[in-house]
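Here is the structure we will look at.
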Amino acid sequence: MKIYISADMEGIAGVVTDQQLNPDGFEYERFRHFMTAEVNACIDAAKKVGVSEILVSDSHGNGQNILLEKLPDEVMLVRSWPRVLGMMEGIDSSYDGVVFLGYHTGADCKQGVRAHTMSSSSITSVKINNVVMSEAGINALIAGHFGVPVILVTGDDITVHETKQMLGNIEGAVVKWAYSYHSAKNLTPDTACKLVADKTKAAIKRINTFEPYTLKGPLVLDLSLKNYRPVELLQYYPGVERISAHTIRLIADDIIEISKFLGFIMEYNISLEP
Ligand SMILES: [Zn+2]
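In the working numbering, the protein residues as written are 1 to 274.
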């Protein structure tokens with residue numbers, strides 16, 4: 001059995017502000033250990049119930065948060081950007097299930113610690129075929145493109161609720177309860193790890209009960225940006241239409257095309273070096 005773990009950081013127990021999330025934050029180095037510990041709890045539990053191959057993608061910030069040397073030898077780790085499949089790089093149809101670890105709510109959600117979709121400073125809404133999309137939604141569609149179901153999400157209570165609403169009866173590990181964008185009641189790291197392990201085992205024991213998440217193509221992406229100038233420029237791109245002051249629309253054949261488009265928007269800058 002093969003499992004893919006897409007690991008973000010906002011939904012790790014104890015994370016509440018950018019002080020834990022960015023390399024210049026005073027708690028960041030400690031929280032890299034806590035994130036790695038939750039990933040390892042998932043890996044160890046999966047191995048105990050018959051998973052033989054695991055790929056982890058470090059999918060937060062610079063993509064260089066997880067401590068590679070702390071992972072078991074049989075695991076491999078995807079690091080840094082850009083990647084065509086974003087937070088799902090390396091997934092293919094050979095995988096049996098996907099875990100969203102340390103996830104958070106989307107830009108369209110009123111609640112949840114650090115609620116955003118891909119960029120908290122520039123993206124205000126993402127919809128595909130008029131369905132509101134969190135990162136979990138987009139990434140579930142990428143997994144679904146390869147016929148792979150999401151089996152578990154971990155993060156705050158709102159994230160677990162939001163993701164279950166979208167994907168159906170997947171397993172969820174609530175490691176904190178959101179009070180606001182920058183506050184939550186948290187489990188300790190050890191308790192969070194035990195919960196992640198329990199829920200991983202529960203998910204894998206019923207792995208045949210999950211369905212891949214898909215939407216019928218063509219896929220209509222409606223992307224709303226905070227600022228005017230990116231919207232003005234993006235409408236120059238063939239196939240992109242500006243449907244309102246802050247929203248562009250792309251009609252794509254599949255989610256891979258959307259993933260490439262979003263990756264391009266997030267990463268491209270004419271001054272990129274090397
Ligand atoms: Zn993140």
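Each residue gets a CB set at the ideal place from its N, CA and C atoms; glycine is no exception.
Residue of the options minimising C-alpha distance to residue i
i: G86; options: K176, V174, N269 and I255; result: I255
i: R79; options: E257, F261 and S57; result: S57
i: Y268; options: Q20, G63, W81 and V75; result: W81
i: L181; options: K164, G168 and I158; result: The residue asked about is misnamed: residue 181 is Tyr in this sequence, not Leu. The shortest Cα separation from Y181 among K164, G168 and I158 belongs to I158.
i: D156; options: G144, G102 and P149; result: G102
i: S52; options: I138, E162, N186 and I3; result: I3
i: S183; options: M1, Q20 and I5; result: Q20
i: I170; options: N139, T209 and E89; result: T209
i: H60; options: E232, N22, L234 and V131; result: N22
i: G217; options: G144, M88, D18 and E69; result: G144
i: L141; options: M88, N130, E69 and I5; result: M88
i: E211; options: M118, E29, P149 and A107; result: P149
i: V160; options: L68, C193, A192 and F100; result: F100
i: V39; options: T117, K164 and T154; result: T154
i: S120; options: T188, Q165, D18 and I54; result: D18
Residue i vs residue j beta-carbon contact at 8 angstroms
i: R114; j: E10; result: yes
i: G112; j: T105; result: yes
i: A46; j: V175; result: no
i: S125; j: S224; result: yes
i: V220; j: I251; result: yes
i: A7; j: I66; result: yes
i: F197; j: A41; result: The amino acid at residue 197 is misidentified as Phe; the sequence shows Ala. In contact: A197 and A41 (Cβ atoms closer than 8 angstroms).
i: N276; j: S122; result: Nothing about residue 276 can be read from this structure; the chain reaches only from 1 to 274.
i: A173; j: L152; result: yes
i: V16; j: I43; result: no
i: I258; j: I128; result: yes
i: M1; j: G50; result: yes
i: C109; j: E29; result: no
i: I207; j: F146; result: no
i: K194; j: K48; result: no
Residue burial classification, residue i (beta-carbon count within 10 angstroms, cutoff 16)
i: D275; result: Since the first and last residues shown for the chain are 1 and 274, residue 275 lies out of range.
i: L272; result: exposed
i: H291; result: The structure shown does not extend to residue 291, since the chain spans only 1 to 274, so no value can be given for it.
i: K205; result: exposed
i: F261; result: buried
i: Y95; result: buried
i: F26; result: exposed
i: I138; result: buried
i: I270; result: exposed
i: L233; result: exposed
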